[in-house]
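Note that the protein sequences, when read in sequence, are chains A and B. Residues in the first sequence are numbered from 5 upward in steps of one, following this note's numbering. Residues in the second sequence are numbered from 55 upward in steps of one, following this note's numbering. Heads up, the thing below is written out as structure tokens.
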Amino acid sequence: GQQLNQSPQSMFIQEGEDVSMNCTSSSIFNTWLWYKQEPGEGPVLLIALYKAGELTSNGRLTAQFGITRKDSFLNISASIPSDVGIYFCAGQLPSDFGNEKLTFGTGTRLTIIP
Amino acid sequence: EADIYQTPRYLVIGTGKKITLECSQTMGHDKMYWYQQDPGMELHLIHYSYGVNSTEKGDLSSESTVSRIRTEHFPLTLESARPSHTSQYLCATLRGSEQFFGPGTRLTVL
């Protein structure tokens, strides 16, 4: 199946720092979604992107749909302890229009150092 | 936001037992999905449904089966659990173009 390469795999940052992570693929996607997952819970949707070049914010989070439609990035500004978790990108291929299946990235584990 | 429920949240069971993981949603959404996820790893789609009496296999082969007799419920069954089935199972429903997830069931097969 298709692969979404998500980087970095893990990040160790201090509280207050900004965070940046991205997803890339060799395939074009129609939709990009960013989720956050905490231990023992299901992923929670953070931001959804539908158009190439779209830049969307949700509080301290900002995500962009790459112009080529093959990538997306997520930024978190001024990180706080509750930002800890695993962040997943997910994309919908044009061939999955109708069933709305998603392809998930490998995740970025964010740890905040006190 | 979609209200989606999964039970049990945790299940520890012996090899060979039959198990059913429940997933229900209160929003009347047609499309529902089951994912399998090892700890900290990516999600893999194992089943999905377009609506009542519609089920399809996902991208990852699974020995589990699903049924969709009612819109609200999308249970997953393992006829004979094995240690290799140990994982987290996540159910999701679709609102618009966005998937919303339940809290998951953590399954451990001894």
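In this text, a Cβ means the ideal position worked out from N, Cα and C, and glycines have one as well.
For residue i, the three-state DSSP class (helix, strand or coil)
| i | result |
| --- | --- |
| ASP22/A | coil |
| ASP100/A | helix |
| GLU78/B | Correcting the residue type first, residue 78/B is Ser in the shown sequence and not Glu. In the structure shown, SER78/B sits in a strand (DSSP, three-state: E or B). |
| SER138/B | helix |
| SER34/A | A quick correction: the sequence has Asn, not Ser, at residue 34/A. Coil, per DSSP. |
| THR72/A | coil |
| MET86/B | strand |
| ASN62/A | strand |
| TYR54/A | coil |
| SER121/B | coil |
| PHE128/B | coil |
| LEU97/B | coil |
| GLY111/A | coil |
| GLU133/B | coil |
One or two residues paired with residue i in a DSSP bridge
| i | result |
| --- | --- |
| ILE84/A | None; ILE84/A has no bridge partner. |
| ASN9/A | THR28/A |
| GLU152/B | ARG149/B |
| ILE67/B | VAL163/B |
| SER116/B | The partner list for SER116/B (beta bridge, DSSP) is empty, contrary to what the question assumes. |
| LYS40/A | VAL48/A, TYR91/A |
| TYR59/B | SER78/B |
Sub-7 Å separation of residue i and residue j beta-carbons
| i | j | result |
| --- | --- | --- |
| GLY112/B | LEU99/B | yes |
| SER78/B | HIS139/B | no |
| LEU8/A | THR107/A | yes |
| ALA56/A | ILE32/A | no |
| ILE1/A | SER86/A | With chain A covering 5 to 118 only, the question about residue 1/A has no answer from this structure. |
| GLY46/A | GLY158/B | yes |
| ALA67/A | LEU78/A | yes |
Note down, in chain order, all residues in the stretch 125 to 150 of chain B with a beta-carbon under 7 Å from any beta-carbon belonging to chain A. LEU144, LEU148
Are the stretch 77 to 96 of chain B and the stretch 141 to 152 of chain B touching, with three or more C-beta to C-beta distances below 8 Å? yes
Below 8 Å, how does it come out for the stretch 11 to 19 of chain A and the stretch 99 to 118 of chain A: are there three or more Cβ pairs, yes or no? A contact exists between the stretch 11 to 19 of chain A and the stretch 99 to 118 of chain A.
Stretch-stretch touch, CB-based, cutoff 8 Å, three pairs: the stretch 55 to 73 of chain B with the stretch 17 to 30 of chain A: Output reads no: the stretch 17 to 30 of chain A does not touch the stretch 55 to 73 of chain B.
Anything in the stretch 62 to 73 of chain B with a Cβ closer than 9 Å to a Cβ of chain A? List those residues in chain order, please. ARG63, TYR64
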